[in-house]
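Asker:
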Amino acid sequence: MTLDEFQPEDDFLSEISHKLSNVSIHVLPATGELIEQSDLSTIKYLLYSSEHYKIKQSIEALRRYLSQDTRSNRVNDILSLDILPRIKELLALNSDHSIKFECAWIITNIAAGTKEQTDVIVQHEFVDVLFEMVNDRQYGLEVNYQSAWALANVAGESPSYREEMISRGLSDAIALILDEIFDEINDATYFVSGKMYISDKVYYAALDALLWSLANIARGGFRTAEHWEKYVYMFNILSKYIKLEIKKLEIEICWGISRILHNMYGVDVFYEKIRITTHLCNRLAAILGRGSTSRLVPAIRTVVNISSGPNYWIHGLIDAPILYSLTRLLEEQSYVDLKKDVFLVVSNMASINEDTVDHVLNHTIVMQHIIAHIRIPGHIYEDFRWVPSKSHACLKIDEEWRITKEATWILFNIITIGRDSSIKQLLRLHPTLPNELGYLLNYANLSTEICERVLESIISIVQRTNKYVDYRQYNKNPIVSLFLQERVPEMLNTVHDNYRSHKIKTLCAKLSKLLMASEEDINQTAAIVEAGNMADEFGLPSLEEIKSKSQKRRIIRGMEDGDVRWIENAVGGLNI
Numbered sequence: 030m031t032l033d034e035f036q037p038e039d040d041f042l043s044e045i046s047h048k049l050s051n052v053s054i055h056v057l058p059a060t061g062e063l064i065e066q067s068d069l070s071t072i073k074y075l076l077y078s079s080e081h082y083k084i085k086q087s088i089e090a091l092r093r094y095l096s097q098d099t100r101s102n103r104v105n106d107i108l109s110l111d112i113l114p115r116i117k118e119l120l121a122l123n124s125d126h127s128i129k130f131e132c133a134w135i136i137t138n139i140a141a142g143t144k145e146q147t148d149v150i151v152q153h154e155f156v157d158v159l160f161e162m163v164n165d166r167q168y169g170l171e172v173n174y175q176s177a178w179a180l181a182n183v184a185g186e187s188p189s190y191r192e193e194m195i196s197r198g199l200s201d202a203i204a205l206i207l208d209e210i211f212d213e214i215n216d217a218t219y220f221v222s223g224k225m226y227i228s229d230k231v232y233y234a235a236l237d238a239l240l241w242s243l244a245n246i247a248r249g250g251f252r253t254a255e256h257w258e259k260y261v262y263m264f265n266i267l268s269k270y271i272k273l274e275i276k277k278l279e280i281e282i283c284w285g286i287s288r289i290l291h292n293m294y295g296v297d298v299f300y301e302k303i304r305i306t307t308h309l310c311n312r313l314a315a316i317l318g319r320g321s322t323s324r325l326v327p328a329i330r331t332v333v334n335i336s337s338g339p340n341y342w343i344h345g346l347i348d349a350p351i352l353y354s355l356t357r358l359l360e361e362q363s364y365v366d367l368k369k370d371v372f373l374v375v376s377n378m379a380s381i382n383e384d385t386v387d388h389v390l391n392h393t394i395v396m397q398h399i400i401a402h403i404r405i406p407g408h409i410y411e412d413f414r415w416v417p418s419k420s421h422a423c424l425k426i427d428e429e430w431r432i433t434k435e436a437t438w439i440l441f442n443i444i445t446i447g448r449d450s451s452i453k454q455l456l457r458l459h460p461t462l463p464n465e466l467g468y469l470l471n472y473a474n475l476s477t478e479i480c481e482r483v484l485e486s487i488i489s490i491v492q493r494t495n496k497y498v499d500y501r502q503y504n505k506n507p508i509v510s511l512f513l514q515e516r517v518p519e520m521l522n523t524v525h526d527n528y529r530s531h532k533i534k535t536l537c538a539k540l541s542k543l544l545m546a547s548e549e550d551i552n553q554t555a556a557i558v559e560a561g562n563m564a565d566e567f568g569l570p571s572l573e574e575i576k577s578k579s580q581k582r583r584i585i586r587g588m589e590d591g592d593v594r595w596i597e598n599a600v601g602g603l604n605i
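The numbers in the sequence shown follow the working numbering, run straight up by one, and end at 605.
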């Protein structure tokens, strides 16, 4: 089972949402003098000339004017000339492919502007002409990809435009071009130590534009599930291109795959048609192990979305050295913004079964970081209370709280799902864990979700360790004795009174009874808890009751992620 959680996207996750102007493309560098606003009237005059070279000179000047500066006032200057009908005419009818390319470039940069500027392109019916330019190979690869880029900018404006573009086949058209040139790219590439590179500048420019366009169109916000066949095609193409060892293209490919998997969450027929290969997971691990932030963000988001999918996808991540690659993001302070995503992946991994729990437990560095985040961010615990630390003002507190939430989810999954031997290993290697969990209850402003996870984790620890005869001291459970020593029953009374949540009040009451009963007669309590019906009669939590709350993976939803119906469900489930 996977839970939907709504979380507006962080700033660094919005970069795929931006439309993109073409300001520097290698095949047509902006040479010569700058084009000034005062030149536009002359340029317009030349645009309507019957002489080919004057038309070409004019259209190149318009492109250069837009490419020199991407501010919206430049676009407004062009729109004020009232020349869009002429540009559309040249794009549709002129036989010179270079002029078509320049026209498509101009439309690309206009569509990259404000909503109003993009709407003007739609209102002047450029979409039909651009579709023709994308689909007809006689115009050449440059015209094909520049027209696709222009349409992708239109699609980037809103979910309704994206849905229209996908419905009309833009994603299919782009994927088809990429599919057609893949063999040609193979012929034009060279391999070093098994890594694939590309040297042809025209192919590089085409891939740069087409992969970005496909990734942008892949965004959701509408009824994406109805278009699953198109998403299968997009996924298969991007998975094919993941072998390219080109930094810029890795970014676009990872963003595209991430968005596709997110949009297709819960679409069983999509799951049946695609494969999360070991090669894909190994490539993601490689990017995470050495990439810059611009590559790390889409790569980790892709791994998050794989971890939120069917159970068998998780095994692909386990077979690849994903956790080893993720340790880098945990150890370097510069990647604090990505830690919550790392922890979400680990939590989803640990939610499957006993074997996946062991996989997480056996990664020492990962576990050390998880335990280290069972704390109140920016505070230290002393004399039975939390006090602000010196570093409090320097921390990104909201980010740290998200990391703490993920850490409590990971531990809850491990404690409830793991084998008895795994729980013993956890407590042996991290003997202060019960203390750390208990301390969290002594913080008045603990979120409802974290409080629930902490209470359930403590209940599960007591339930599990009550059964371990070899773990007892003087026929007592030392974990229970520790919780009593740390005043957990008194904390439970305070938590019970401070929270309105019926669930938290119930958990507090059951944990309090469990601690007292375990201290009085550990054998009887262990037997009662293991028998579900008897546990209910005595007001104690049963093993199955707590375990049923684990084995839940989670997926984070933003405002325009995935099928709109899932977004609505996630927003509707907000606890405010």
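No residue lacks a Cβ here, since even glycine has one placed at the ideal position from N, Cα and C.
Could you check whether V498 and E548 sit closer than 8 Å to each other, using their CB atoms as the reference points?
Answerer: In the sequence shown, residue 548 corresponds to position 519, counting from 1. In the sequence shown, residue 498 corresponds to position 469, counting from 1. For E548 and V498, no; Cβs fall outside 8 Å.
Asker: For S200 and L76, I'd like the C-alpha separation in whole angstroms.
Answerer: Numbered from its first residue, the sequence shown carries residue 200 at position 171. Numbered from its first residue, the sequence shown carries residue 76 at position 47. Roughly 33 Å separates the two Cα atoms.
Asker: Mind listing, in chain order, the continuous beta strand (DSSP E) runs of no fewer than 3 residues lying wholly within the stretch 82–155?
Answerer: Counting whole runs of 3 or more residues, the stretch 82–155 contains no beta strand (DSSP E) stretch at all.
Asker: Please go through the same chain and pick out, in chain order, the residues whose beta-carbon is closer than 7 Å to the beta-carbon of L49, but skip the five residues on each side of it.
Answerer: As a working mapping, residue 49 is identified with position 20 in the sequence shown. Around L49: A141, N182 and W241.
Asker: Hey, quick one: how far does the alpha helix (DSSP H) through R357 stretch, first residue to last?
Answerer: Along the sequence shown, one-based indexing puts residue 357 at 328. Element bounds for R357: I351 to E360.
Asker: If the criterion is Cβ atoms closer than 8 Å, does the pair I329 and S336 meet it?
Answerer: Along the sequence shown, read from residue 1 onward, the residue named residue 329 stands at position 300. Along the sequence shown, read from residue 1 onward, the residue named residue 336 stands at position 307. For I329 and S336, no; Cβs fall outside 8 Å.
Asker: Count the other C-beta atoms from every protein chain shown that fall within 10 angstroms of the C-beta of L63, then say buried if there are 16 or more, exposed otherwise.
Answerer: As a working mapping, residue 63 is identified with position 34 in the sequence shown. Exposed, because fewer than 16 other Cβ atoms sit within 10 Å of the Cβ of L63.
Asker: What's the gap between the Cα of D165 and the Cα of E154?
Answerer: Along the sequence shown, one-based indexing puts residue 165 at 136. Along the sequence shown, one-based indexing puts residue 154 at 125. Each residue's Cα considered, the two are about 18 Å apart.
Asker: Go to R414, then tell me how far its beta strand (DSSP E) extends in each direction, as first and last residue.
Answerer: As a working mapping, residue 414 is identified with position 385 in the sequence shown. R414 to P417 is the span of the beta strand (DSSP E), which, as asked, contains R414.
Asker: Write down every uninterrupted run of the alpha helix (DSSP H) in the stretch 456–515 whose length is 4 residues or greater and which is fully enclosed by it, in chain order.
Answerer: As far as the stretch 456–515 is concerned, its whole alpha helix (DSSP H) runs of at least 4 residues are 462–469, 477–495 and 507–514.
Asker: Helix, strand or coil: which one does DSSP assign to E549?
Answerer: Numbered from its first residue, the sequence shown carries residue 549 at position 520. Of the three classes helix, strand and coil, the one that applies to E549 here is helix, per DSSP.
Asker: P417: buried (16+ other C-beta within 10 angstroms of its C-beta) or exposed?
Answerer: The count along the sequence shown starts at 1 and reaches residue 417 at position 388. It counts as exposed.
Asker: Pull up the distance between the alpha-carbon of R100 and that of T71, whole angstroms please.
Answerer: The count along the sequence shown starts at 1 and reaches residue 100 at position 71. The count along the sequence shown starts at 1 and reaches residue 71 at position 42. Their backbone Cα atoms lie some 22 Å apart in a straight line.
Asker: Please go through the stretch 397–454 and give each complete beta strand (DSSP E) segment of 3 or more residues, from N-terminal end onward.
Answerer: Listed in chain order, they are 408–411 and 414–417.
Asker: Just the Cα atoms here: how many angstroms apart are H611 and I84?
Answerer: Beyond the ends of the chain as shown, which are 30 and 605, falls residue 611; an answer cannot be given.
Asker: Compare the beta carbon distance of V104 and L110 with 8 Å and say whether it is the shorter of the two.
Answerer: On the sequence shown, residue 104 is found 75 positions in, with the first residue counted as 1. On the sequence shown, residue 110 is found 81 positions in, with the first residue counted as 1. It is not a contact, given that the beta carbons lie outside the stated cut-off.
Asker: For I227, does the three-state DSSP call read helix, strand or coil?
Answerer: Taking the sequence shown and counting its residues from 1, one reaches residue 227 at position 198. Note: I227 maps to strand in three-state DSSP.
Asker: Express the C-alpha separation of E281 and S189 in angstroms, rounding to a whole number.
Answerer: To locate residue 189, count along the sequence shown from 1; it is residue 160. To locate residue 281, count along the sequence shown from 1; it is residue 252. So the alpha carbons of these two residues sit roughly 22 Å apart.
Asker: With burial defined as no fewer than 16 other Cβ atoms inside 10 Å of the residue's Cβ, what is the status of L420: buried or exposed?
Answerer: Counted from its first residue, the sequence shown places residue 420 at position 391. It is Ser, not Leu, that sits at residue 420 in the sequence shown. Exposed, by the Cβ-count rule.
Asker: Please report how far the alpha carbon of A314 lies from the alpha carbon of A349, in whole angstroms.
Answerer: By 1-based counting over the sequence shown, the position of residue 314 is 285. By 1-based counting over the sequence shown, the position of residue 349 is 320. About 7 Å.
Asker: How big is the Cα-Cα spacing for L346 and E428?
Answerer: Along the sequence shown, read from residue 1 onward, the residue named residue 346 stands at position 317. Along the sequence shown, read from residue 1 onward, the residue named residue 428 stands at position 399. If you take the alpha carbons of L346 and E428, they lie about 25 Å apart.
Asker: Using DSSP with H/G/I as helix, E/B as strand and the rest coil, what is L239?
Answerer: Within the sequence shown, numbered from 1, the residue matching residue 239 stands at position 210. L239 falls in the helix class under three-state DSSP.
Asker: Taking V558 as the reference, which of V491, V517, A202 and K532 has the closest Cα?
Answerer: Against the sequence shown, residue 558 aligns to sequence position 529. It is V491.
Asker: Can you tell me which of the three DSSP states L205 falls into?
Answerer: Here the question's residue 205 lines up with position 176 in the sequence shown. In the structure shown, L205 sits in a helix (DSSP, three-state: H, G or I).
Asker: Taking only the alpha-carbon atoms, compute the straight-line gap between K276 and R312 and give it to the nearest angstrom.
Answerer: Within the sequence shown, residue 276 is the residue found at index 247, counting from 1. Within the sequence shown, residue 312 is the residue found at index 283, counting from 1. Roughly 12 Å between the two C-alpha positions.
Asker: Would you call the stretch 442–458 and the stretch 376–390 in contact, with 3 or more CB pairs under 8 Å?
Answerer: With a cut-off of 8 Å, the stretch 376–390 and the stretch 442–458 count as touching, because enough Cβ pairs lie within range.
Asker: For V298, is the classification buried or exposed, using 16 other Cβ atoms within 10 angstroms of its Cβ as the cut-off for buried?
Answerer: Residue mapping note: residue 298 aligns to position 269 of the sequence shown, counting from 1. When all chains shown are included, V298 counts as exposed.
Asker: Using DSSP with H/G/I as helix, E/B as strand and the rest coil, what is L49?
Answerer: For the purposes of this step, residue 49 is identified with residue 20 of the sequence shown, where counting begins at 1. Note: L49 maps to coil in three-state DSSP.
Asker: Quick one: grab the DSSP three-state call for L273.
Answerer: What you label residue 273 is simply residue 244 of the sequence shown in a count that begins at 1. Here L273 sits in strand by DSSP.
Asker: Would you mind stating whether I214 and I227 have Cβ atoms separated by less than 8 Å?
Answerer: Taking the sequence shown and counting its residues from 1, the one referred to as residue 214 is at position 185. Taking the sequence shown and counting its residues from 1, the one referred to as residue 227 is at position 198. Contact: yes.
Asker: Would G285 and R191 qualify as a contact pair, given that the criterion is a beta-carbon distance under 8 Å?
Answerer: The sequence position of residue 285 within the sequence shown is 256, counting from 1. The sequence position of residue 191 within the sequence shown is 162, counting from 1. No, the pair does not count as a contact, with Cβ atoms beyond the cut-off.
Asker: Please confirm if V151 has its CB atom under 8 Å from at least one CB of chain D.
Answerer: The structure shown contains no chain D; it is built from a single protein chain.
Asker: Buried or exposed, going by whether 16 or more other CB atoms sit within 10 Å of the CB of Q146?
Answerer: For the purposes of this step, residue 146 is identified with residue 117 of the sequence shown, where counting begins at 1. Per the 10 Å Cβ criterion, buried.
Asker: Identify the continuous alpha helix (DSSP H) that holds R166 and give its terminal residues.
Answerer: For this step, residue 166 is matched to residue 137 along the sequence shown. From DSSP, R166 is part of no alpha helix (DSSP H); its letter is neither H nor E.
Asker: In its own chain, which residues sit with a C-beta less than 6 Å from the C-beta of W178, not counting the 5 before and 5 after it?
Answerer: Start at 1 with the first residue of the sequence shown, and residue 178 comes out as number 149. Excluding positions up to five away in sequence, the list reads T137, A238 and S242.
Asker: When you compare the CB positions of I150 and I135, do they come within less than 8 Å of one another, or not?
Answerer: For the purposes of this step, residue 150 is taken as residue 121 along the sequence shown, with counting starting at 1. For the purposes of this step, residue 135 is taken as residue 106 along the sequence shown, with counting starting at 1. No, Cβ-Cβ distance for I150 and I135 is not below 8 Å.
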